[in-house]
Amino acid sequence: MAVKKLLLVLLFCSFSLALPAQSIAIMGALDQEIAILVDSMGRSRKVTKGGIDFYKGKLKGKKVVILKAGVGKVNAAYSTAILTQNFKLSSLIFTGVAGGLDPEALPGDLVIGEKLVQYDFGKVDSLGFAVSPFRKLAGGLHDELYVESDARLILISQEAARRVEFLPIANRQPKVFSGVIATGDIFVSSNEKANWLYTEFDALATEMEGAAVAHICRTLGIPFIVIRSCSDNANNNARMNFNQFVGPASENSARLVLAILDGME
Ligand code: ADE
Numbered sequence: 000m001a002v003k004k005l006l007l008v009l010l011f012c013s014f015s016l017a018l019p020a021q022s023i024a025i026m027g028a029l030d031q032e033i034a035i036l037v038d039s040m041g042r043s044r045k046v047t048k049g050g051i052d053f054y055k056g057k058l059k060g061k062k063v064v065i066l067k068a069g070v071g072k073v074n075a076a077y078s079t080a081i082l083t084q085n086f087k088l089s090s091l092i093f094t095g096v097a098g099g100l101d102p103e104a105l106p107g108d109l110v111i112g113e114k115l116v117q118y119d120f121g122k123v124d125s126l127g128f129a130v131s132p133f134r135k136l137a138g139g140l141h142d143e144l145y146v147e148s149d150a151r152l153i154l155i156s157q158e159a160a161r162r163v164e165f166l167p168i169a170n171r172q173p174k175v176f177s178g179v180i181a182t183g184d185i186f187v188s189s190n191e192k193a194n195w196l197y198t199e200f201d202a203l204a205t206e207m208e209g210a211a212v213a214h215i216c217r218t219l220g221i222p223f224i225v226i227r228s229c230s231d232n233a234n235n236n237a238r239m240n241f242n243q244f245v246g247p248a249s250e251n252s253a254r255l256v257l258a259i260l261d262g263m264e
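Residue 209 in numbering that gives the first Met the number 0 sits at position 210 of the sequence shown, with consecutive numbering throughout.
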């Protein structure tokens with residue numbers, strides 16, 4: 000009996016050793032958005048696959064892989080595809096800056112993305128642009144307009160946000176919102192477009208990658224969360240505010256990522 004037990008233990012150990020441990024992927028679109036996290040790893044190993052640099056190491060005691068996706072939905076989808084082909088992932092966190100859309104939100108405020116929407120996927124006819132209400136995912140699934148983030152990661156992010164000491168931006172302590180993030184291949188710098196995204200999609204922030212990553216994670220069943228820190232308000236002053244606040248806003252988003260990692264088992 001004891002020999003049988005020992006054999007079972009040995010079998011279990013060799014089986015778990017054969018399985019590579021899963022990593023938490025952390026993605027950002029820009030160098031600034033991932034630099035703080037790569038530096039926080041201390042020791043890391045860089046591997047390059049499909050032209051994308053992956054930084055492997057540990058953060059908050061968790062095995063992570065960090066990468067720069069590049070700007071826009073195609074770059075984000077490409078990097079996510081290369082990532083998921085080469086690494087076993089337990090979850091994915093997308094971090095970075097965005098344009099705030101809620102009239103209450105100011106540069107510096109953060110948005111935890113409960114749902115993601117591709118706002119520029121649709122048709123144009125004589126009546127103008129209409130967003131497509133359904134999308135067929137490449138994996139064969141049908142999806143609705145919004146892709147939902149992982150419910151557990153939303154909760155962990157909201158709890159983590161209460162523990163973070165954020166950098167003040169524009170002499171003000173950032174607030175944290177949770178809601179819809181709207182993704183499109185456009186840097187929005189227009190009062191009119193920002194208002195359209197807020198009213199049409201109920202979106203609190205706009206950026207250029209989140210929904211593409213969400214779409215792939217949903218197809219592959221990878222739990223994900225997108226968190227964003229507003230560098231601007233996607234209004235007529237967006238470019239100026241972006242240049243001014245992209246640094247501290249990226250730092251605040253990275254601080255939230257570290258707190259989220261702390262909150263994950
Ligand atoms: N990322 C940061 N600000 C943005 C904006 N205004 N539009 C799109 N992406 C952004």
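Here a beta-carbon is modelled for each residue, glycine too, at the ideal position from N, C-alpha and C. Since this is a predicted model, take the numbers as computed values, not measurements.
query, result
"Helix, strand or coil at Val-206 [DSSP, three-state]", "It should be pointed out that residue 206 corresponds to Glu in this sequence rather than to Val. Three-state DSSP puts Glu-206 in a strand."
"Residues of its chain near Leu-260, where Cβ-Cβ distance is below 6 Å and the 5 sequence neighbours each way are ignored", "Leu-58, Lys-59 and Lys-61"
"Asn-190 versus Ala-181: straight-line alpha-carbon distance, rounded", "15 Å"
"Bridge partner(s) assigned by DSSP for Ile-224", "Ile-92"
"Backbone CA spacing between Tyr-145 and Thr-94 [nearest angstrom]", "19 Å"
"Residue closest to Asn-74, alpha-carbon to alpha-carbon, out of Glu-147, Glu-208 and Pro-222", "Glu-208"
"Cβ-heavy atom distance, Met-207 to ligand 1, below 8 Å", "yes"
"Check: Val-146 C-beta below 8 Å from any heavy atom of ligand 1", "no"
"Secondary structure of Ile-259, DSSP reduced to three states", "helix"
"Residue closest to Leu-306, alpha-carbon to alpha-carbon, out of Ala-193, Ala-210, Leu-136 and Gly-112", "Past the edges of the chain, shown from 0 to 264, lies residue 306, and the structure says nothing about it."
"For Asn-234, the nearest candidate out of Ala-104, Leu-82 and Thr-83 (CA to CA)", "Ala-104"
"Assumed close pair Gly-41, Ile-33 - CB separation to whole angstroms, cut-off 8 Å", "Wrong, their Cβ atoms sit about 15 Å apart, outside the cutoff."
"Phe-244, buried or exposed, once every other Cβ within 10 Å from all chains shown has been counted against 16", "buried"
"Identity of the residue in Ile-23, Asp-52 and Ile-65 nearest Leu-36 by Cα", "Ile-65"
"Per-residue burial, Ser-125 [other beta carbons within 10 Å of its own, 16 or more giving buried]", "exposed"
"Where Asp-30 falls, given that 16 or more other Cβ within 10 Å makes a residue buried", "exposed"
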